[in-house]
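Note sheet for the following structure.
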Amino acid sequence: MKEKKKMTLRAKKEALWGYAFVAPTMLGLIILNFYPAINTVYQSFCKTGDFGKGNTFVGLANYQKAFADPEIWQSLLNTVKYAVIEVPLGVVIALLLAVFLNNNKLKGVSAFRTIFFLPMVCAPAAVAMVWKWLYNQQFGLFNNILHKNIAWISDPKIAWISVGIIGVWSIIGYNMVLFISGLKEIPGDYYEAASIDGATGINQFFNITVPLLSPTTFFIVQTRVIGALTIFDLMFMVMDKTNAALPKVQSTVYVFYKYTFDQGNKGYGAAIVMILVAFIMLVTVVMQRAEKRFVFYN
Amino acid sequence: MNGSHVNELASFTADLIYKRRAFMKMKKVLAIALAGAMALSLAACGGGSSSGGSSSGSADAGSADAGAASSGALTINIWDANQQAGIQEICNDWTAQGNPEVKVEVIDWDNYWTLLEAGASGGQLADVFWMHSDYAQIYMENDILLDLTDYIAKDGVDMSIYYPDIAAIYTRSDGKIFALPKDHDTIALLYNKALFDQAGIDYPTDNWTYQDMYEAAKAITEATPDDTYGYALNTSNDQDGWYNYIYSYGGNVVNAEKTDTAIDSPESKAAMEMVRMMLTVATPQAVVAESGTDSLFQSGKVGMITQGSWMINSFYTAENSKDYAWAEIPYFDRNGDGACQKDERWTCYNGLGWAAAANTANPDAAASLIEYLCSKDAQVKQAQLGVTMAGIPGISDDFANAFEGMDVSAFTKVEEDGTLYARPGTRNSGVWQTPMKQAGGFLDAWQAPDDPQAMSDACDRVAKMIRDAIAAE
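Sequence lines, in order, name chains A and B.
When you read off a place in the first sequence, starting at 1, and then add 26, the result is the number in the numbering used here.
When you read off a place in the second sequence, starting at 1, and then add 1056, the result is the number in the numbering used here.
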């Protein structure tokens, strides 16, 4: 066995500086992330009092109530439905755009990249407000152009799709930038060799680009799935509280917000959010398993 | 051969220099960013509220005493941007009497309560801020607000001059007073003359019953294009809409003792039946939920809405304000004598309170400011500026005169020939107030106004909602 080496003065000093430099980040994480997270777990077992005072421990009562509440399950289903629209469409469209905009010979390529990335720069609330008026049944641009009278965000059958489309529009720019950086990593030789062998552009796309891009794709899918499962602002901004389609669109975080802030029931809200966390963890584990099968690393 | 080596070396060196420069640059940027972040967080902890020089309206708050003023200055938080300028002006009068400077900051309604709660749970609150009937009880019970009882006794403030219902909202069950009444509001009927002309019918009068309103709404709906209606009911706000039907018909939403509801009584059901009738000739609820009654009205798509006095300015300054006029809120002729008695015309009324934070650094100044804001002089000025109607009865005329060219006396006349009821609420109203307007509450009936049974069932469901909520408090 090796004896533990004693640290020299210099090494000690260096270590101290190391701690000093990570301290701000660690403090931030502990105060802003870890402490609230632990507190949320604790609160989910409590009947909470006003202003964080007078919490009483009630065991699993909040969870029992949540598991028996169809609203929670419906909201989880709504969230999944939103993710099913946002993630695949957001990835596919962004990938196609990235392939087209990866060509530096294209005129105005940086202008296009900027245009597609712009939604990412806008405040989500502002984006939602603009879309809300685009979708408006009476005065909205869509109905005026199409000469239709469609209740885009009030008809429970289509409202979830309408909201999902806003999500896709908002995210393609970000996904696209990640894809472009992924595409830059793929050596040009592969394409040269492939075209000498007579592969068409489409062949090259499916046999070179897609597999070699799979690490980027996986990263995007994983982060976007988590992002989509925690969606809140779109539903909150676009749908009025008396919108009949709301029960079929509201996400789990929306329901969490409703109980925690509208009704001041923080314990129940915490339990709802813990259920969501468990669900997200499950999805992440499944995706990590899938990574080994589908993702191709050089 | 040799040349290529030199080239390689040169490019390597250049690369190294470039990288080093880039690294130094990054370090510099990082250092600045870190320093900035630290300064920011320090400022956030210490200052709490130092945004927007534009919000301080006083011209003489110049650089000379800026340093001194910032330590003693009071911060006010409100949620209505329409009132900011007027309130700042009144506060400046107070400052001119040798008191500290006052800064009025606006935080919109939704964020206001989130921030206030966060501040109350261990952060910093503004020194003086608005309190609302929905939240007053919880804030008073938890000693978040400054107890004004002793100040009021010491300075001889006469509590009897205020609207009693509003003063009562801000008085705790043990008699301690935590806020003084700032204002009050009533509801009136707003109509678009252009649409009445188009339908060729008479304008609303102060003697209208709900039945008259129904006939007019029907006429306009039939005489105008498909997307234009005679009436629209704001389903996401109750105070200015269907609550008033219920009280005029003799029902209630929450009783005076806050122990029960009569929303499933025959009177309330008759009122909601009238609401249902109105909805058959009104803008569909789905459209209202998307666009809001105010936008629909201002777009000329709706002939009549009911609205509160706090919204006058928005219509007074609207593009087509010449076409808009107010009438008293309709009544229900309970005894069938063809005339309106006091107990047949009901308008919801509510009033905000001026409260201070219990942990304010300057409680004496905060209490003094509140007493000034709620003094008769300041209340008269508030009315004259058209900010809101006063929290003290008898100065309604000042308010009615504030809007030149628009007759807003409908809001004040109702206080003479109608009955005012305080906005119904329980200790934690949020638990039932929003759900009763959603699916499972009234929403289903509003969506399908042709079915009388659906409305009656909805009344029963909402009654259960309110009773369950009261039981859980």
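Just so it is clear, CB atoms sit at the ideal spot from N, CA and C, and this is done for glycine as well.
Predicted, not measured: the structure shown is a model, and the values here were computed from it.
Contact set between residue i and chain A, taken where Cβ atoms lie within less than 7 angstroms
i: Ser1177 (chain B); result: Phe77, Gly78
i: Leu1499 (chain B); result: Thr268, Ala270
i: Thr1291 (chain B); result: Thr268
i: Thr1170 (chain B); result: Phe287
i: Ser1343 (chain B); result: Here residue 1343 (chain B) is Val; the residue named in the question, Ser, does not match the sequence. Here the neighbours are Gln163, Gln164.
Residues that residue i contacts on chain A, provided the C-beta gap is smaller than 8 angstroms
i: Gly1486 (chain B); result: Asp288, Gln289, Gly290
i: Thr1284 (chain B); result: Within 8 angstroms Cβ-Cβ: nothing; Thr1284 (chain B) doesn't reach chain A, min ~10 angstroms.
i: Gln1397 (chain B); result: Going along chain A, no residue has its Cβ under 8 angstroms from Gln1397 (chain B), so there is no contact; the nearest lies around 33 angstroms.
i: Asn1376 (chain B); result: Near Asn1376 (chain B) there are no residues of chain A at all, since even the closest Cβ is about 16 angstroms away, more than 8 angstroms.
i: Asn1198 (chain B); result: Asp76, Phe77, Lys79
i: Lys1357 (chain B); result: Gln164
i: Thr1403 (chain B); result: Those do not exist, as Thr1403 (chain B) stays about 22 angstroms from chain A at its closest Cβ, beyond 8 angstroms.
Exposed unless 16 or more other CB atoms sit within 10 angstroms - verdict on residue i
i: Phe126 (chain A); result: exposed
i: Cys1396 (chain B); result: buried
i: Asn130 (chain A); result: exposed
i: Pro1386 (chain B); result: buried
i: Ile1243 (chain B); result: buried
i: Asp266 (chain A); result: buried
i: Cys1404 (chain B); result: buried
i: Ile298 (chain A); result: buried
i: Arg319 (chain A); result: exposed
i: Glu1064 (chain B); result: Low confidence applies to Glu1064 (chain B): its pLDDT is 44, below 50, so where it sits in the model is not reliable, and the reading given next is rough at best. Looking at its Cβ environment, which holds fewer than 16 other Cβ atoms inside 10 Å, Glu1064 (chain B) is exposed.
i: Asn1311 (chain B); result: exposed
i: Arg315 (chain A); result: exposed
Contacts of residue i in chain A (Cβ-Cβ under 9 angstroms)
i: Gln1503 (chain B); result: Ala270
i: Ile1194 (chain B); result: Asp76, Phe77, Gly290
i: Thr1416 (chain B); result: Chain A residues near Thr1416 (chain B): none, gap ~17 angstroms exceeds 9 angstroms.
Integer-rounded CB distance, given that residue j should sit under 8 angstroms from residue i
i: Gly1486 (chain B); j: Gln289 (chain A); result: 5 angstroms
i: Ile187 (chain A); j: Ile111 (chain A); result: 6 angstroms
i: Tyr1039 (chain B); j: Met1334 (chain B); result: Not covered by the structure: residue 1039 (chain B). The range shown for chain B is 1057 to 1529.
i: Ala1514 (chain B); j: Ala1501 (chain B); result: 4 angstroms
i: Asp1463 (chain B); j: Ala1381 (chain B); result: 7 angstroms
i: Asp1183 (chain B); j: Ala1412 (chain B); result: 6 angstroms
i: Trp1442 (chain B); j: Ala1466 (chain B); result: Looking at the sequence shown, residue 1442 (chain B) is not Trp but Gly. Not confirmed; about 15 angstroms, so no contact.
i: Leu1289 (chain B); j: Val1213 (chain B); result: Contact doesn't hold; Cβ gap of about 40 angstroms is too wide.
i: Val1493 (chain B); j: Thr1291 (chain B); result: It is worth fixing the name first, because residue 1493 (chain B) is Lys in this sequence and not Val. 6 angstroms between Cβ atoms; contact.
i: Leu209 (chain A); j: Asn291 (chain A); result: The Cβ separation is near 48 angstroms, so there is no contact.
i: Pro114 (chain A); j: Asp259 (chain A); result: Between Asp259 (chain A) and Pro114 (chain A) the Cβ distance is about 21 angstroms, and since that is not below 8 angstroms, they are no contact.
i: Gly295 (chain A); j: Phe282 (chain A); result: 5 angstroms
i: Ala1273 (chain B); j: Ile1225 (chain B); result: The Cβ separation is near 34 angstroms, so there is no contact.
Chain B within 8 angstroms of residue i, Cβ atoms only
i: Ile56 (chain A); result: no
i: Ile179 (chain A); result: yes
i: Asp266 (chain A); result: yes
i: Phe83 (chain A); result: no
i: Gln248 (chain A); result: no
i: Gln90 (chain A); result: no
i: Pro273 (chain A); result: yes
i: Phe142 (chain A); result: no
i: Phe165 (chain A); result: yes
Test: residue i CB closer than 8 angstroms to a CB of chain E
i: Phe282 (chain A); result: The question asks about chain E, but that chain is absent: this structure's protein chains are A and B.
Test: residue i CB closer than 8 angstroms to a CB of chain A
i: Phe1079 (chain B); result: Residue placement at Phe1079 (chain B) is flagged as unreliable, the pLDDT there being 46, under the threshold of 50; a coordinate-derived value is accordingly withheld.
i: Asn1300 (chain B); result: no
i: Glu1173 (chain B); result: yes
i: Gln1354 (chain B); result: no
i: Gln1363 (chain B); result: no
i: Ala1411 (chain B); result: no
i: Ala1495 (chain B); result: yes
i: Ile1276 (chain B); result: no
i: Thr1490 (chain B); result: yes
Chain B contact residues for residue i, given Cβ-Cβ distances below 8 angstroms
i: Asn59 (chain A); result: Ordered by position in chain B, no residue passes the 8 angstroms Cβ test against Asn59 (chain A), which lies about 16 angstroms from the chain.
Partner residues on chain B for residue i, Cβ-Cβ distance less than 7 angstroms
i: Asn162 (chain A); result: Glu1346, Ser1347
Near the ligand COA: residue i beta-carbon under 7 angstroms from a heavy atom
i: Lys284 (chain A); result: No copy of the ligand COA appears in this structure; indeed no ligand is present at all.
Q) Can we say the region 1164-1171 of chain B touches the region 1195-1203 of chain B, given the rule of at least three CB pairs closer than 8 angstroms? A) no
Q | Segment contact flag, the region 1151-1162 of chain B with the region 1130-1140 of chain B, C-beta cutoff 8 angstroms, min 3 pairs | A | yes
Q: Could you say if the region 1234-1241 of chain B and the region 1428-1445 of chain B meet the contact criterion of at least three C-beta pairs nearer than 8 angstroms?
A: yes
Q: Taking 8 angstroms as the threshold, find out whether the region 1387-1401 of chain B comes into contact with the region 1462-1474 of chain B through three or more Cβ pairs.
A: yes
Q: Mind the definition here: the region 1199-1208 of chain B touches the region 1383-1392 of chain B only if three or more C-beta pairs lie below 8 angstroms; say whether that holds.
A: no
Q.
Does the region 172-182 of chain A come into contact with the region 239-259 of chain A, if we say contact requires no fewer than three beta-carbon pairs (one atom in each stretch) closer than 8 angstroms?
A. no
Q: Check whether the region 1352-1368 of chain B touches the region 1244-1255 of chain B, counting contact only when three or more Cβ pairs, one atom from each stretch, lie closer than 8 angstroms.
A: Between the region 1352-1368 of chain B and the region 1244-1255 of chain B there are three or more inter-stretch CB-CB distances shorter than 8 angstroms, so the stretches are counted as touching.
Q. Is the region 159-174 of chain A close to the region 216-229 of chain A, with three or more CB pairs under 8 angstroms?
A. No, the region 159-174 of chain A is not in contact with the region 216-229 of chain A.
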